[in-house]
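S.K.: Each residue of the sequence shown is one higher than the one before, starting from 26 at the first, in this note's numbering. Note that CB positions come from ideal geometry on N, CA and C, so glycine has one too. Predicted model only: the values in this text are computed from it and were never measured. One structure coming up, written as structure tokens, with questions to follow.
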Amino acid sequence: MLLPQTKEREYRFKLALRMGLPIFALLITFFLTTSINESQTLSALFYIEAILLLAFSIYFILYIIYNGFDTRVTEIVSKTFTREYLYKYLKKELKKEKEYTLVLISIDNLHDINTLYGIKNGDKVLFEVAKWIGTYTQKKDIKNFPLGHIKGGDFVLGFKGNKNKYNTVLELMYLQVEDFKIDDIEVKISGAITDTSFSNELEYMIENLFEIQEMHRYKKSSQSNDVIAPNDLEFLVIDALKHKTFIVMTQIIFEKDKAVLKECFIKLQTSDGKMIYQKMYMKAISKLGLMLEYDLMVLEKIISKIDNTIEEILVFDISPRSLRNQIFLSKIKDLLEHYPFVKNKIMFMLYENEYYSNIEKYNTIIKSLKKMGILIGIDRLGSIHTSFLYLRDLNIDVVRFDSFYTKEIKNYQEILAGFILTAHKKNVKTWIKLIEDEKDLKLAQNIGIEYLQGKYLAKLELLKKD
Numbered sequence: 026m027l028l029p030q031t032k033e034r035e036y037r038f039k040l041a042l043r044m045g046l047p048i049f050a051l052l053i054t055f056f057l058t059t060s061i062n063e064s065q066t067l068s069a070l071f072y073i074e075a076i077l078l079l080a081f082s083i084y085f086i087l088y089i090i091y092n093g094f095d096t097r098v099t100e101i102v103s104k105t106f107t108r109e110y111l112y113k114y115l116k117k118e119l120k121k122e123k124e125y126t127l128v129l130i131s132i133d134n135l136h137d138i139n140t141l142y143g144i145k146n147g148d149k150v151l152f153e154v155a156k157w158i159g160t161y162t163q164k165k166d167i168k169n170f171p172l173g174h175i176k177g178g179d180f181v182l183g184f185k186g187n188k189n190k191y192n193t194v195l196e197l198m199y200l201q202v203e204d205f206k207i208d209d210i211e212v213k214i215s216g217a218i219t220d221t222s223f224s225n226e227l228e229y230m231i232e233n234l235f236e237i238q239e240m241h242r243y244k245k246s247s248q249s250n251d252v253i254a255p256n257d258l259e260f261l262v263i264d265a266l267k268h269k270t271f272i273v274m275t276q277i278i279f280e281k282d283k284a285v286l287k288e289c290f291i292k293l294q295t296s297d298g299k300m301i302y303q304k305m306y307m308k309a310i311s312k313l314g315l316m317l318e319y320d321l322m323v324l325e326k327i328i329s330k331i332d333n334t335i336e337e338i339l340v341f342d343i344s345p346r347s348l349r350n351q352i353f354l355s356k357i358k359d360l361l362e363h364y365p366f367v368k369n370k371i372m373f374m375l376y377e378n379e380y381y382s383n384i385e386k387y388n389t390i391i392k393s394l395k396k397m398g399i400l401i402g403i404d405r406l407g408s409i410h411t412s413f414l415y416l417r418d419l420n421i422d423v424v425r426f427d428s429f430y431t432k433e434i435k436n437y438q439e440i441l442a443g444f445i446l447t448a449h450k451k452n453v454k455t456w457i458k459l460i461e462d463e464k465d466l467k468l469a470q471n472i473g474i475e476y477l478q479g480k481y482l483a484k485l486e487l488l489k490k491d
């Protein structure tokens with residue numbers, strides 16, 4: 026048992042004693058007084074009842090103490106609902122209401138506040154923001170709604186009705202908090218809104234809130250028109266992986282005028298023949314813990330498609346977590362032994378948001394893969410900080426710039442030139458995608474990017490054996 030658990034038990038036991046002693050004293054005094062004054066008329070039943078009453082008093086006090094602490098309705102710091110109680114409350118609401126709205130309000134710079142101003146000030150900011158939310162909503166005649174703190178600087182609110190009823194109120198709220206300060210501490214607030222038109226499952230709705238928030242932060246377009254309900258999507262993903270039903274589309278990547286690479290795009294295929302695109306299903310696969318199974322399935326399929334007629338190197342995404350898994354590495358070794366002509370014909374593209382600290386182990390894995398004839402690329406350079414660190418620390422072959430730079434290539438030529446110089450000093454080639462016209466093509470060539478990709482150069486085609 027951990028020390029906090031031990032101390033918690035000690036605290037509860039002492040509290041039970043402090044609460045119980047006066048009651049026990051009164052009971053014992055009553056029993057002694059009664060037995061002395063009425064000793065001749067008391068029956069054995071009285072003594073049995075007295076013992077049972079004492080026993081039940083002890084049990085009741087201990088039960089109240091131990092179970093009362095296990096269930097907290099509000100948090101100590103923010104004074105809002107705890108996550109556990111909020112989820113329990115919202116699940117009941119979703120069962121009762123046909124239309125229900127969830128709102129996410131986040132303190133984006135809470136970590137910075139804790140670092141710069143101290144944890145106490147961070148706690149104060151949490152409390153004051155929650156208080157401000159309550160005051161603002163009351164002014165808008167929105168009362169008696171659940172408000173809970175689910176993690177970090179994130180609060181979730183629940184409102185009856187659909188989101189159209191609350192969109193304007195929330196937009197005005199976000200305008201008011203653009204220059205929000207608490208004791209001269211700048212507080213940055215963002216948020217998102219969703220309702221039961223997306224899903225009536227609480228977990229899916231909360232996940233959707235964070236996805237929408239992320240889209241707003243990076244000004245990405247919202248979900249496509251062909252939206253699949255989250256629980257349906259998970260079922261379709263599991264079914265597709267179980268039956269290994271998917272297709273592989275490819276696009277040629279050029280170095281000067283020569284086709285050197287083919288990037289593979291995986292579309293899962295449902296039992297009724299519909300296609301699920303990668304950006305839709307990857308999060309579901311990760312959440313279901315099926316990333317290793319997915320990567321192994323894709324790896325085996327693509328390697329089985331390679332023969333001596335394919336001259337280009339086939340490139341496809343692999344999760345870095347799978348790459349660092351011994352099961353995955355053993356499978357690669359077995360496949361390459363079975364298909365020896367695949368050597369030097371595949372490249373793994375990797376990216377992750379969090380930097381893997383055991384970089385020596387990572388480099389050892391990459392070194393062993395390269396000995397097997399597998400090339401390694403890092404994706405989204407210039408957008409994710411981790412990608413730049415991996416360019417610096419890993420023994421890789423290629424880096425691909427984030428698509429943001431393709432859209433603004435004219436304005437970011439100097440930045441790209443700096444990245445290219447860094448890459449070339451490490452003998453790493455550079456790659457840019459989504460080239461849509463001749464102007465972007467010439468700009469990319471002029472600044473020295475080796476690998477060029479886009480609809481202007483090549484269309485998507487199905488990967489198959491000739």
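For a test of the three-state rule: what should DSSP assign to S131, helix, strand or coil?
M.R.: Residue 131 sits at position 106 when you count from the first residue of the sequence shown. S131: strand per DSSP, three-state reduction.
S.K.: Where do the N-terminal and C-terminal ends of the beta strand (DSSP E) with I371 fall, by residue?
M.R.: To locate residue 371, count along the sequence shown from 1; it is residue 346. Taken as a continuous stretch (DSSP letters only), the beta strand (DSSP E) holding I371 covers 371-375.
S.K.: Whole angstroms is fine: what's the gap from N134's alpha carbon to I210's?
M.R.: Sequence index remark: in the sequence shown, residue 134 carries index 109 (1-based). Sequence index remark: in the sequence shown, residue 210 carries index 185 (1-based). Whole-angstrom Cα-Cα distance: 10 Å.
S.K.: By the 10 Å Cβ neighbour count, where 16 or more other Cβ atoms means buried, how is P255 classified, buried or exposed?
M.R.: For the purposes of this step, residue 255 is identified with residue 230 of the sequence shown, where counting begins at 1. Answer is buried; the Cβ neighbour count reaches 16.
S.K.: List the whole-angstrom C-beta distance separating I343 from V273, where the pair is believed to meet the contact cut-off of C-beta under 8 Å.
M.R.: Here residue 343 corresponds to residue number 318 of the sequence shown, with the count starting at 1. Here residue 273 corresponds to residue number 248 of the sequence shown, with the count starting at 1. Between V273 and I343 the Cβ distance is about 14 Å, and since that is not below 8 Å, they are no contact.
S.K.: Enumerate in chain order the residues of its own chain whose CB-to-CB distance from N233 is below 6 Å, with the five nearest sequence positions on each side excluded.
M.R.: By one-based count along the sequence shown, residue 233 stands at place 208. Result list for N233: T219, F223, in chain order.
S.K.: Any idea if T455 is buried or exposed, counting beta-carbon neighbours within 10 angstroms, 16 or more meaning buried?
M.R.: Here the question's residue 455 lines up with position 430 in the sequence shown. Classification of T455: buried, given that the 10 Å Cβ count is 16 or more.
S.K.: I need the straight-line Cα distance from D179 to E196, nearest angstrom please.
M.R.: One-based indexing of the sequence shown puts residue 179 at position 154. One-based indexing of the sequence shown puts residue 196 at position 171. Roughly 18 Å separates the two Cα atoms.
S.K.: Give the range of the alpha helix (DSSP H) segment to which E439 is assigned.
M.R.: Within the sequence shown, the letter at position 414 stands for residue 439. Run containing E439: 438-450, per the alpha helix (DSSP H) assignment.
S.K.: Can you tell me whether G479 is helix, strand or coil according to DSSP?
M.R.: Counting from one through the sequence shown, the residue named residue 479 turns up at place 454. Residue state, collapsed to three classes: coil.
S.K.: Looking at the structure shown, is T219 part of a helix, part of a strand, or coil, going by DSSP?
M.R.: Locating residue 219 in the sequence shown gives position 194, counting from the first residue. Residue state, collapsed to three classes: strand.
S.K.: What residue from I357, I409, I371 has the CA that sits closest to Y380's CA?
M.R.: Counting from 1 along the sequence shown, the entry for residue 380 is found at position 355. Of the listed residues, the one whose Cα sits closest to Y380 is I409.
S.K.: If we count the other Cβ atoms within 10 Å of its Cβ and call it buried at 16 or more, is R405 buried or exposed?
M.R.: Numbered from 1 along the sequence shown, position 380 holds the residue referred to as residue 405. R405 is buried by the Cβ-count criterion.
S.K.: Quick test of your reading: E259 and L313, contact by CB under 8 Å. State the CB separation rounded to the nearest angstrom.
M.R.: For the purposes of this step, residue 259 is identified with residue 234 of the sequence shown, where counting begins at 1. For the purposes of this step, residue 313 is identified with residue 288 of the sequence shown, where counting begins at 1. Their Cβ separation, rounded to whole angstroms, is 6 Å, which keeps E259 and L313 in contact under 8 Å.
S.K.: Take V262 and list the residues in its own chain whose beta-carbon comes closer than 8 Å to its own, dropping the five residues that flank it on each side.
M.R.: Your numbering for residue 262 matches position 237 in the sequence shown. Counting only Cβ-Cβ distances below 8 Å, and skipping sequence neighbours, we find L293, I301, Y306, A309, I310, L313, L315.
S.K.: Quick test of the definition: if touching needs 3 or more C-beta pairs under 8 Å, does the stretch 98-107 touch the stretch 168-188?
M.R.: As far as the Cβ criterion goes, the stretch 98-107 touches the stretch 168-188, which means the pair count is three or higher.
S.K.: Could you tell me how far apart the beta carbons of I391 and N350 are, in whole angstroms, since I believe they sit closer than 8 Å?
M.R.: For the purposes of this step, residue 391 is taken as the residue at position 366 of the sequence shown. For the purposes of this step, residue 350 is taken as the residue at position 325 of the sequence shown. Not confirmed; about 14 Å, so no contact.
S.K.: Three-state secondary structure (DSSP) at N471?
M.R.: Here residue 471 refers to the residue found at position 446 of the sequence shown. N471 falls in the helix class under three-state DSSP.
S.K.: Span of the alpha helix (DSSP H) holding F366?
M.R.: Taking the first residue of the sequence shown as 1, we reach residue 366 at position 341. Careful: F366 lies outside any alpha helix (DSSP H) and carries neither H nor E.
S.K.: Flag this pair as yes or no: are the beta carbons of S412 and I401 separated by less than 7 Å?
M.R.: For the purposes of this step, residue 412 is taken as the residue at position 387 of the sequence shown. For the purposes of this step, residue 401 is taken as the residue at position 376 of the sequence shown. In this structure, I401 does not lie closer than 7 Å to S412 by Cβ.
S.K.: Can you tell me where the alpha helix (DSSP H) holding V262 begins and where it ends?
M.R.: On the sequence shown, residue 262 is found 237 positions in, with the first residue counted as 1. It spans 255-268 - the alpha helix (DSSP H) in which V262 sits, taken as one unbroken run.
S.K.: Buried or exposed, going by whether 16 or more other CB atoms sit within 10 Å of the CB of E288?
M.R.: As a position in the sequence shown, residue 288 is number 263, starting the count at 1. Looking at its Cβ environment, which holds 16 or more other Cβ atoms inside 10 Å, E288 is buried.
S.K.: With DSSP as the reference, identify every bridge partner of T271, one or two as the case may be.
M.R.: Position 246 of the sequence shown, counted from the start, is the residue given in the question as residue 271. In the sequence on display, residue 271 carries Phe and not Thr. Beta-bridge pairing links F271 to L293.
S.K.: Identify whether Y199 lies in helix, strand or coil by the three-state DSSP scheme.
M.R.: Counted from its first residue, the sequence shown places residue 199 at position 174. Helix, per DSSP.
S.K.: Kindly list the residues whose CB is nearer than 7 Å to the CB of H136, restricted to its own chain and excluding five residues on each side of it in sequence; keep chain order.
M.R.: Indexing the sequence shown from 1 puts residue 136 at position 111. There are no such residues.
S.K.: Using the Cβ count rule (16 or more neighbours within 10 Å means buried), how would you classify E439?
M.R.: For this step, residue 439 is matched to residue 414 along the sequence shown. Its Cβ having fewer than 16 others within 10 Å, E439 is exposed.
S.K.: Return the Cβ separation of G398 and N436 in integer angstroms, given the expectation that the two are a contact with Cβ distance under 8 Å.
M.R.: Stepping through the sequence shown from its first residue, residue 398 is reached at position 373. Stepping through the sequence shown from its first residue, residue 436 is reached at position 411. Actually they do not touch by this definition, with Cβ atoms about 39 Å apart.
S.K.: Would you decide whether D462 is buried or exposed? Buried here means 16 or more other CB atoms lie within 10 Å of its CB.
M.R.: Here residue 462 corresponds to residue number 437 of the sequence shown, with the count starting at 1. Counting Cβ neighbours within 10 Å, D462 comes out exposed, since fewer than 16 surround it.
S.K.: Quick check on this structure: which residue in N187, K156, T275, E226 has the alpha carbon closest to the alpha carbon of L115?
M.R.: Here residue 115 corresponds to residue number 90 of the sequence shown, with the count starting at 1. The shortest Cα separation from L115 among N187, K156, T275, E226 belongs to E226.
S.K.: With a threshold of 7 Å on Cβ separation, who are the neighbours of G473 within its own chain once the five nearest residues in sequence on each side are excluded?
M.R.: By 1-based counting over the sequence shown, the position of residue 473 is 448. Correct list, in chain order: I445.
S.K.: Between which two residues does the alpha helix (DSSP H) containing F429 stretch?
M.R.: In the sequence shown, residue 429 corresponds to position 404, counting from 1. Note, F429: alpha helix (DSSP H), 428-432.
S.K.: Compute the Euclidean distance between the alpha carbons of S143 and F152, then round it to the nearest angstrom.
M.R.: Counting from one through the sequence shown, the residue named residue 143 turns up at place 118. Counting from one through the sequence shown, the residue named residue 152 turns up at place 127. Correcting the residue identity first, residue 143 is Gly in this sequence and not Ser. Cα to Cα, the separation comes out at about 15 Å.
S.K.: Only counting the same chain, and skipping five residues up and downstream in sequence, which positions put a Cβ closer than 7 Å to that of I460?
M.R.: Locating residue 460 in the sequence shown gives position 435, counting from the first residue. The residues are T431, L466, A469, L477, Q478, G479, Y481, L482.
S.K.: Under a Cβ-count criterion, where at least 16 other Cβ atoms within 10 Å of its own Cβ denotes burial, should S382 be classed as buried or exposed?
M.R.: Residue 382 sits at position 357 when you count from the first residue of the sequence shown. Exposed, because fewer than 16 other Cβ atoms sit within 10 Å of the Cβ of S382.
S.K.: Rounding to the nearest angstrom, what Cα-Cα distance links T270 and V194 in this structure?
M.R.: Locating residue 270 in the sequence shown gives position 245, where the first residue counts as 1. Locating residue 194 in the sequence shown gives position 169, where the first residue counts as 1. Taking the straight line joining both Cα atoms gives about 45 Å.
S.K.: DSSP has R97 in a bridge; who is on the other side?
M.R.: Within the sequence shown, residue 97 is the residue found at index 72, counting from 1. DSSP output for R97 lists no bridge partner at all.
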